[in-house]
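S.K.:
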Ligand SMILES: [Zn+2]
């Protein structure tokens, strides 16, 4: 891609893309409409790869270190090495609770989430939270912990009731390609409730490909399909949505 091709494109921030999980070579087209991006780790080795990749790719990139709720069972083995990475990382996570797939026990997931919350607070770094079939428990843990650093609810899927409750906690809501799906009516209503200064966009690459491209692996540049859907839902133009979400994303990173 040369400069003139990307010139004039509306830019977006992809706040959640697991580029380190992609095996093929990345191309300039994957980032043609990207202002900057965040690569979240899901365990120790993928966090290290996120770090390495962030200095290699030719675009402004941030990275995070964390242990995904699916892998919370590895916490005892990974704790010490993750703490070292937390000090270097731009953000903490991906962590959180997933009581849908339950690949680690609830107890391990809660211990893991708390571990990340503690370091997010201590180091004053934003925390990336995965929350699936665990709205109540995630909400209670956030209230109880009283986190003082920014919280990002990644790939938010909650309905209006939970969205309103979490709004009161001052969290950021990151919306993925799920919002483009026919079945996502509740989420589409929720998006209209989110305060504009708490709205973020993401792809969750290589997962959750937006509906027009479903069946392919997701890529950062596909974020525009998610953005188009949200701009229609909110009845604001894409340029305005781009400016708002870039500003929110920068507020998170550069505090
Ligand atoms: Zn993720």
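In my numbering, the protein residues as written are 887 to 1141. Note that the Cβ used here is the ideal one computed from N, Cα and C, for glycine as well. Nothing here was measured: the structure is a model prediction, and the numbers come from that model.
Looking only at its chain, what residues have a beta carbon closer than 7 Å to the beta carbon of residue 939, apart from the 5 residues adjacent to it on each side?
M.R.: 905, 906 and 925
S.K.: Is the CB-CB distance between residue 1013 and residue 1020 below 7 Å?
M.R.: no
S.K.: Look up residue 887 in the DSSP assignment and say whether it is helix, strand or coil.
M.R.: A caution first: residue 887 carries a pLDDT of 46, below 50, which makes its placement in the model unreliable, though a value can still be read off. Of the three classes helix, strand and coil, the one that applies to residue 887 here is coil, per DSSP.
S.K.: For residue 998, is the classification buried or exposed, using 16 other Cβ atoms within 10 angstroms of its Cβ as the cut-off for buried?
M.R.: buried
S.K.: Suppose contacts are defined by Cβ-Cβ distances below 7 Å. Is residue 1105 in contact with residue 957 by that definition?
M.R.: no
S.K.: According to the neighbour-count rule (16 or more other Cβ atoms, all chains shown, within 10 Å of its Cβ), is residue 991 buried or exposed?
M.R.: exposed
S.K.: Helix or strand or just coil, what does DSSP make of residue 956?
M.R.: Looking at residue 956 - three-state DSSP - the assignment turns out to be helix.
S.K.: Which partner residues does residue 1102 have in the DSSP bridge list?
M.R.: Residue 1102 is bridged to 1100.
S.K.: Checking the sheet assignment: what are the DSSP bridge partners for residue 982?
M.R.: 1016
S.K.: Starting from the N-terminal side, write out each stretch of the beta strand (DSSP E) that is 3 residues or longer and does not extend beyond the region 1068-1101.
M.R.: 1085-1087
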